[in-house]
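Residue numbers (the working numbering): 18 to 407.
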Amino acid sequence: MSFLSVPELLQRAAVLLPQIAEGAAERERTRQLPHEQIRQLAAARLLTLRIPQRYGGSESSVRQVVQFVIDLAAVDSNVAQSLRPSFAFIESLLVQPSEAERQLWFAHYLQGEVFGNAGWEIGGANGQVSARIVPEGEHFRANGSKYYSTGALYADWVSAVALDENEEPVSFVVPRGREGLELVDDFDAMGQRLTASGTTRLNNVLVRREEIRTRVVEEGQRSIITPFLQLFLGAVQAGIARNALNDAVAFAKEHARPIKHSSASRSVDDPYVEFSVGEISARAFAAEAVVLRAADRIDAAWANGLDHQSVTRAAIDVAQAQYIAAESALKAAELLFDVGGASTTGRSHNLDRHWRNARTVANHNPRHWKAAVVGAYRLKDTEPPTSGLF
Numbered sequence: 018m019s020f021l022s023v024p025e026l027l028q029r030a031a032v033l034l035p036q037i038a039e040g041a042a043e044r045e046r047t048r049q050l051p052h053e054q055i056r057q058l059a060a061a062r063l064l065t066l067r068i069p070q071r072y073g074g075s076e077s078s079v080r081q082v083v084q085f086v087i088d089l090a091a092v093d094s095n096v097a098q099s100l101r102p103s104f105a106f107i108e109s110l111l112v113q114p115s116e117a118e119r120q121l122w123f124a125h126y127l128q129g130e131v132f133g134n135a136g137w138e139i140g141g142a143n144g145q146v147s148a149r150i151v152p153e154g155e156h157f158r159a160n161g162s163k164y165y166s167t168g169a170l171y172a173d174w175v176s177a178v179a180l181d182e183n184e185e186p187v188s189f190v191v192p193r194g195r196e197g198l199e200l201v202d203d204f205d206a207m208g209q210r211l212t213a214s215g216t217t218r219l220n221n222v223l224v225r226r227e228e229i230r231t232r233v234v235e236e237g238q239r240s241i242i243t244p245f246l247q248l249f250l251g252a253v254q255a256g257i258a259r260n261a262l263n264d265a266v267a268f269a270k271e272h273a274r275p276i277k278h279s280s281a282s283r284s285v286d287d288p289y290v291e292f293s294v295g296e297i298s299a300r301a302f303a304a305e306a307v308v309l310r311a312a313d314r315i316d317a318a319w320a321n322g323l324d325h326q327s328v329t330r331a332a333i334d335v336a337q338a339q340y341i342a343a344e345s346a347l348k349a350a351e352l353l354f355d356v357g358g359a360s361t362t363g364r365s366h367n368l369d370r371h372w373r374n375a376r377t378v379a380n381h382n383p384r385h386w387k388a389a390v391v392g393a394y395r396l397k398d399t400e401p402p403t404s405g406l407f
């Protein structure tokens with residue numbers, strides 16, 4: 018398989034993203050899952066950006082990946098978030114010491130395969146795991162029920178976690194078609210409705226020994242993977258803000274009419290429409306800028322050998338970026354409705370999807386906690402908690 022440089026991959030993205038943008042609003046309105054769009058991205062090897070060159074990847078920086086995620090979310094935030102588990106798995110492989118696992122799983126990415134997640138559960142305490150995995154001969158069997166299985170319906174492989182007989186968490190990855198693995202399309206959130214984040218059932222699923230993963234993030238430990246995962250959501254928010262801007266501009270040009278007492282004969286000449294679009298643009302610009310700056314901080318942590326101080330600083334900068342990105346996306350999505358009159362609320366335009374999507378992503382991680390943790394760090398040098406959110 019031929020090597021592709023980062024510029025070559027991004028050129029492929031430049032061709033695909035306008036195609037994904039076509040029909041994105043209609044897909045969201047009618048709930049058409051973007052199977053084809055995700056397959057196109059995987060086949061173009063755009064999920065391999067971070068894979069090192071010695072394994073056949075392009076070895077991009079975190080900043081380059083985050084920029085791609087922003088660009089993707091700016092055309093379809095559902096597709097972008099659905100790929101979060103795929104990019105997260107690569108980051109975990111980069112951190113862990115197992116050469117065999119890197120060679121095994123990176124090869125699947127290079128073949129255009131997609132990874133989904135089935136780690137979270139509902140009904141118990143936040144983060145609690147009740148799924149079980151037990152040995153059976155040379156292999157294992159897993160049972161349990163998961164929710165928030167982001168991207169699993171689009172995936173070739175699904176990663177999950179269960180407790181063994183010693184109550185220790187075990188991570189594993191199984192193929193989508195494995196007997197007993199049941200994926201349910203029941204995600205009912207008001208936004209990000211196409212992320213396939215519903216139920217996964219493990220019904221006595223066979224887990225082969227080679228499908229057991231080396232755990233690289235244990236409870237109470239700080240890892241660079243967590244800031245990356247959190248920044249990914251910030252990148253989705255930045256993309257949503259830009260998407261709202263693009264729709265605001267298009268609506269003002271193509272649909273909006275000046276209010277009766279406006280001095281302008283065209284909406285694009287109305288000073289209040291100009292002001293609204295300008296504010297949306299500023300907020301989208303701010304969201305992207307802070308997210309990319311935080312990406313630089315993660316790259317710096319890698320350059321510094323992932324020492325504790327560098328990883329902690331990355332966690333703080335990502336928290337700050339998430340706060341601004343969420344605030345910016347929510348406000349941009351709201352201001353969009355100031356660009357036109359009652360017609361902006363028409364269901365055919367589906368402009369409300371931006372606010373619904375931004376609000377849903379924001380609810381993953383309460384932004385007020387982000388600000389409070391940053392404040393404690395500034396005031397008292399209190400390090401952010403190792404809760405999986407920083």
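The C-beta atom is built at its ideal place from N, Cα and C for all residues, glycine as well.
Exposed unless 16 or more other CB atoms sit within 10 angstroms - verdict on residue i
| i | result |
| --- | --- |
| S147 | exposed |
| V32 | exposed |
| H371 | buried |
| F189 | buried |
| F104 | buried |
| R232 | exposed |
| A267 | exposed |
| D93 | buried |
| Q120 | exposed |
| A117 | exposed |
| T47 | exposed |
| D334 | buried |
| T362 | exposed |
| Q326 | exposed |
| F20 | exposed |
| A375 | buried |
| I55 | buried |
| D205 | exposed |
Secondary structure of residue i, DSSP reduced to three states
| i | result |
| --- | --- |
| N381 | For clarity, residue 381 is His in the given sequence; the question names Asn instead. Looking at H381 - three-state DSSP - the assignment turns out to be coil, as it is neither helix nor strand. |
| A172 | coil |
| P35 | helix |
| N221 | strand |
| N260 | helix |
| A206 | coil |
| L323 | coil |
| T216 | strand |
| L406 | coil |
| L211 | coil |
| L66 | coil |
| L26 | helix |
| L368 | coil |
| V146 | coil |
Delimiting residues of the alpha helix (DSSP H) encompassing residue i
| i | result |
| --- | --- |
| V435 | Since the displayed the chain opens at 18 and closes at 407, residue 435 lies outside it and no answer follows. |
| F85 | 79 to 90 |
| E228 | Careful: E228 lies outside any alpha helix (DSSP H) and carries neither H nor E. |
| V356 | V356 -> no alpha helix (DSSP H), and no H or E assigned at all. |
| E53 | 52 to 60 |
| N95 | 94 to 99 |
| F20 | Segment: none, F20 is in no alpha helix (DSSP H) and carries neither H nor E. |
| E118 | 116 to 127 |
| R44 | 41 to 47 |
CA nearest to the CA of residue i, picked from the options
| i | options | result |
| --- | --- | --- |
| K348 | V335, R330, T329, D369 | D369 |
| E400 | A379, R239, T361 | R239 |
| P102 | Q145, A213, R225 | A213 |
| D203 | K163, V96, R62, A306 | K163 |
| R218 | L352, E185, G144, G136 | G136 |
| Q128 | P114, I68, V308 | I68 |
| Y171 | A97, L111, E182, H325 | A97 |
| T152 | R46, N183, G140 | Per the sequence shown, residue 152 should be read as Pro rather than Thr. Looking at the Cα atoms, N183 is the closest of the given residues. |
| E449 | A61, I55, Q36 | Since the first and last residues shown for the chain are 18 and 407, residue 449 lies out of range. |
| Y165 | D286, S99, D173, L180 | S99 |
| A177 | E271, V191, G168 | V191 |
| Y289 | E305, L64, D181, G358 | G358 |
| F106 | I87, G140, L66 | L66 |
| A332 | N263, P402, A379 | P402 |
| N143 | A393, N382, G392 | N382 |
| G295 | V356, Q70, V308 | V356 |
| E199 | L223, V187, Q209 | L223 |
| R226 | R364, R193, P51, I150 | I150 |
Residue i: first and last residue of the uninterrupted beta strand (DSSP E) it sits in
| i | result |
| --- | --- |
| E199 | 198 to 201 |
| P186 | 186 to 192 |
| G161 | 156 to 163 |
| N134 | 132 to 135 |
Minimum Cβ-Cβ distance from residue i to chain D less than 9 Å
| i | result |
| --- | --- |
| T243 | The structure shown has no chain D; it contains just one protein chain. |
Original post:
Would you call the region 382 to 392 and the region 289 to 303 touching, i.e. three or more CB-CB distances under 8 Å?
Top reply: Three or more beta-carbon pairs separated by less than 8 Å are not found between the region 382 to 392 and the region 289 to 303, which leaves the two stretches without contact.
Original post:
Would you call the region 243 to 263 and the region 327 to 346 in contact, with 3 or more CB pairs under 8 Å?
Top reply: Judged by Cβ distances under 8 Å, the region 243 to 263 makes contact with the region 327 to 346, as three or more pairs qualify.
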